[in-house]
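Per the numbering used here, residue -13 is the first one in the sequence shown, and the count goes up by one each step. Backbone N, C-alpha and C fix where the C-beta goes; we use that ideal spot for every residue, glycine too.
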Amino acid sequence: MRNPASSSSLWRPWTPITQQGDPLRIVEARGTRVRDADGNWYLDGISGVLNASCGHGHPRLIETATRQLRQLVHYDPMVSSHDPAETLASRLAGILPGELNETVLLNSGSEATEAAIRIALQYWRNIGEARDRVITFETGYHGSTYLAQQLSGLPFTVSEWARPFPIDHVGIPMTPREVRTAESADALIARFAEALEKDTPAAAVMVEPLLGLGGCVVLPEGFLARLRQLCDRHGSLLILDEVFCGFGRTGRMFGFDHDGIAPDIVTMSKGISGGHLPLAAVTVTSPIKESFKHEPIAQGLRYGHTTGGHAVASAVANTVLDVMADEKLVENSATQGAELVEGLRKLESSPLITDVRGLGLVVAIETDGPESGEAIANAAARAGVMTRHERGVIRIAPPLTISSDETAEILDAIRSGVDLATAAGNRRT
Ligand SMILES: Cc1ncc(COP(=O)(O)O)c(C=O)c1O
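This is the structure we're talking about:
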């Protein structure tokens, strides 16, 4: 029986127990808009869970899902294969650069991290080299399963349990506003070089192309290309986490496309199915997959899930790629993102705003503290625009289908939020 003191039996993760009661209840979503239980419509500035890249309830995605549900819901990936997964794997090989041809399909971004790390560590064993050290950003985020959570040093996700293998965290010695400068690239690369040079050779370096949960931090131009060179010099695998950035979010198909490089392993989720169904993918180079012929126990990958590469989710992902091409969503992400950042930068004259940064349709407004951030985000919601506020940083990542008028609507809502917060004296003195 439910505790009478609590209004809900639903335990919402990442939310303090004292704040579980009476959340905003979303009952409907269409295109770029969502409606709450009180009948209020909002322009969705956060794409659901930062994943509804084609908008909500896209008719072509619903049609595909319905057709696939009628034909084949799913079947055991251990004993069989099916067309939606086969097609998706080959299409991913087509859009990913270099030798990234071999895809494992899973359900969530965390599972993709889990698989990527296991594959990387096992690869070294397969080829007879003892490497198990992983290097990553201290303020990165790669998921919340046991292994994935170990990679993050962010105070609100950090794991207190024993490390399953050595992990070296690289700190960022400057503010998010300073990170994107050319001088910062030198400093960041020097830190990764130091981490690679110390101790035993590293198995892998894993980073996001833009630090999403770590404050929407845009990395300096050319950083990933230099990290690629560094990994090559040390023979370490480069794993790029495209869970958030992939599928057009940053104005290119993948975040690493900005630097024109190819990682050895790439993880994907969120936008892959336009957020319509749970799906994730890990794509590796052919030599990495081939090495598993020498895996001592199963001569294959000892990792996978019942619903991994679910037929309906995979079918939807194939249509997502069609929708993205037909509706030119990558291009729209770049154009609307630039408009949004340009408009928001005009707010930097406000004492409440300390930085505006973004890449494609990942945009962050850093405020002078959590109080201002919350006041501005709440005012924007009252004005009909949903954003996400965390620790003073307001994240805006609308569906890639957003129009110029809707971008203007976001700008108006944020502008009025800043005015209201200023008038209410949300300035720290
Ligand atoms: C960059 C990145 N990696 C991994 C994850 C974990 O994905 P999931 O929540 O689907 O497990 C997230 C989730 O926000 C993410 O942003």
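Buried or exposed (CB count within 10 angstroms, at least 16 for buried), residue i
i           : result
residue 89  : buried
residue 352 : buried
residue 215 : exposed
residue 26  : exposed
residue 109 : buried
residue 280 : exposed
residue 141 : exposed
residue 117 : buried
residue 8   : exposed
residue 96  : buried
residue 65  : exposed
residue 308 : exposed
residue -5  : exposed
residue 371 : buried
Residue i - partner residues in DSSP beta bridges
i           : result
residue 352 : 341, 379
residue 419 : Not covered by the structure: residue 419. The range shown for the chain is -13 to 415.
residue 155 : 122
residue 392 : Residue 392 pairs with nothing; no bridge assigned.
residue 27  : 21
residue 374 : 381
residue 86  : 271
residue 197 : 203
residue 252 : 226, 269
residue 91  : 267
residue 188 : 119
residue 12  : 22
Neighbourhood of residue i by C-beta, 6 Å cutoff - its chain only, sequence neighbours within 5 removed
i           : result
residue 269 : 78, 82, 86, 89, 252
residue 201 : 162, 379
residue 177 : 156
residue 238 : 244
residue 290 : none
residue 343 : 204, 350
residue 452 : Since the first and last residues shown for the chain are -13 and 415, residue 452 lies out of range.
residue 50  : 301, 302, 305
residue 254 : 228, 232, 267
residue 131 : 96, 100
residue 240 : 228, 232
residue 275 : 88
residue 129 : 95, 96, 99
residue 121 : 154, 181, 188, 191
residue 400 : 366
residue 2   : none
7 Å Cβ shell around residue i - same chain, five flanking residues per side excluded
i           : result
residue 106 : 189, 190, 223, 225, 251
residue 68  : 58, 61, 297
residue 144 : 138
residue 18  : 29, 30, 41, 384, 385, 387, 388, 392
residue 35  : 261
residue 334 : 342
residue 63  : 290, 294, 295
Check: residue i C-beta below 8 Å from any heavy atom of ligand 1
i           : result
residue 128 : yes
residue 256 : yes
residue 131 : yes
residue 98  : yes
residue 231 : yes
residue 36  : yes
residue 91  : no
residue 266 : yes
residue 124 : no
residue 198 : yes
residue 39  : no
residue 8   : no
residue 277 : no
residue 95  : yes
residue 194 : yes
residue 253 : yes
residue 227 : yes
Cβ-heavy atom distance, residue i to ligand 3, below 8 Å
i           : result
residue 134 : Among the ligands modelled here, namely ligand 1, ligand 3 does not occur.
Residues of its chain near residue i, where Cβ-Cβ distance is below 8 Å and the 5 sequence neighbours each way are ignored
i           : result
residue 414 : Low per-residue confidence applies at residue 414: pLDDT is 48, beneath 50, and the placement is therefore not dependable enough to give any value.
residue 258 : 232, 233, 265, 266, 267, 303, 306
residue 160 : 170, 173
residue 167 : 206
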